[in-house]
Amino acid sequence: MKFAVKAWSKSGRARVGSLQLGSCPHLSIEIETPALLLTTRKGLPVFISPDLLPSLPSPDSHLLQFSPLHLYAEFFMLYLSESSFAMGFACSMEGLSTKTISNIGGLHQMLGLQEYGFAAVPRDSIVCLPEHESSNKMGASFETPSGRRLIKPVEYMEMISSMKPNLYATLADEVPAWVSEKRNKASVDRTVRWLDDCLKLSTTGGAVFGSIVGGSSVEERERCAQEVARRNVSGYWIGGFGLGESMDKRSAILNAVMDNLPEEKPRQICGLGLPEEVLQGIAAGIDLFDSTYIYHLTLGGFALTFPLDRIQSSSDSQLSDKGSDNTKINLKATVYRKDTSPVVDSCNCYTCLNHTKAYINHLLNVHEMLAQILLEMYVFALIHNTHHYLAFFSSIREAIRDGKFEQFRQKFIDSRRDHLFVT
Ligand SMILES: [Zn+2]
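When we follow this note's numbering, the leftmost residue of the sequence shown carries the number 15, and every step to the right adds one.
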């Protein structure tokens, strides 16, 4: 993996970078940062089948995030009832051990996605949530659909070694903002110790991202960042956000971490997903985000509609639509029942090129009859939302390069505030 910062914002923290991932000599994936990693289950973006993956912007959509716990043998039957895509996939995968995945050659080979980059993180915010009360000095506990699982560094690294991701975050003991000082300190000590364990056990060529925790304590965040920065890692994964800290306090915590990390290495974060949170993270110097937000948005029947260039235009959006909160619309709203326009007029995603709001609204409103139809709606909505959010990241990169990131961010926040004030 190679990473280089190409441009800085005027304030000096937000940056545009180039992340190069190459698993073999003839293949190199170059992704511009700040970038969005597509959240997956077992390596495939949720709801989007492999044949529709190429409809997403390339190479922006070529960075996939997964949790190795998704592929943990005991988990395979869990997704059977969730979707027909997952059903076919899960049946074919049932019972695969880490050894078999290793024999196949890893995740790229197994899924036939050689031209995609895989980033492994121990948890996601969809099916593998950290469960701090059950974590102990031996390992981190996760709440999963099959119950609670304690994962030790040795087990985690066995999964990583078999799946061969391009990059992976080390095991972390994430805690929410409200835990005691003592518990928070223990989480930093464990996370640093597990980082050393993971480095010792590493047999894969993937880039190691050292995990940083510390809850809402500026001192613990600094201590953890300093300890991790001393280790031989290629980048950083910052956990413990979106776990009860206030948005006001977040900037100080983020800065405490960033001030102690070398500029030349990439920083990935978990737990910041809303557009305002993404802008806050980028302003602090974060390079990589996950797409959990658009997954949840899609499940709720929402589609993103905010204008992508906040500096030059704000009148060409669909802000007056009913069911809109100035960034998104609710496709279930009856106002769309006869609306024959696409979700966003100027959008060139697969969904907007082929379908109308009225059709998606129809799919949503007959969902109680046919699960398959509801799934189809999720596919269409998620394709649009992914496309739109990737374009949002592209606009942010452009704003940084043009020296206008601060105005871009301010304009976005102001328009949201104006709308909330009016309503
Ligand atoms: Zn679209």
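Virtual Cβ for every residue (Gly too), placed ideally from N, Cα, C.
- CA-CA distance, Glu195 to Leu268, rounds to 18 Å.
- Rounded to the nearest whole angstrom, the C-alpha separation of Asn399 and Asp301 is 20 Å.
- Counting the other Cβ atoms within 10 Å of the Cβ of Glu259 gives 16 or more, which makes it buried.
- A direct Cα-Cα distance of roughly 6 Å separates Leu33 from Glu46.
- A residue is called buried when at least 16 other Cβ atoms come within 10 angstroms of its Cβ; Met152 does not meet this threshold and is exposed.
- Between ligand 1 and Val357, a heavy atom-to-CB distance of less than 7 Å is present.
- Shortest Cα-Cα distance from Leu293 to any of Pro136, Arg411, Ser111 involves Arg411.
- When secondary structure is reduced to three states using DSSP, Pro64 falls in the coil class, being assigned neither helix nor strand.
- When only Cα atoms are considered, Glu290 and Ser409 end up about 14 Å apart.
- When the Cα atoms are used, Ile226 and Val247 turn out to be separated by approximately 12 Å.
- In the DSSP assignment, no residue is bridged to Gly315.
- Of the heavy atoms belonging to ligand 1, none sits nearer than 7 Å to the Cβ of Cys284.
- Selection Arg431, Ile174, Phe406 evaluated against Asp74 yields Phe406 as nearest (Cα-Cα).
- For Asn117, there is no enclosing beta strand (DSSP E); the residue is part of the alpha helix (DSSP H) that begins and ends at 112-118.
- By the neighbour-count criterion, in which 16 or more other beta carbons inside 10 Å mark a residue as buried, Val380 falls on the exposed side.
- Glu188 is positioned such that its CB atom lies closer than 8 Å to that of Gly253.
- The three-state reading of DSSP puts Glu157 in strand, counting E and B together.
- The beta carbon of Lys178 lies closer than 6 Å to those of Gly120, Thr218 in the same chain, with the five residues before and after it left out.
- Remark: C-beta atoms of Phe132 and Gly57 approach each other more closely than 8 Å.
- In the same chain as Val202, and ignoring 5 residues on each side of it, the C-beta atoms closer than 7 Å to its own belong to Val227, Gly228, Glu234, Arg237, Cys238, in chain order.
- Across the set Lys113, Asp428, Ser230, Ala186, the C-alpha of Ala186 shows the shortest separation from the C-alpha of Phe156.
- Boundaries of the beta strand (DSSP E) around Ser225: 221-226.
- According to the DSSP assignment, Tyr130 belongs to no alpha helix (DSSP H), since it is labelled neither H nor E.
- One alpha carbon belongs to Ala200, the other to Lys166, and they sit about 16 Å apart.
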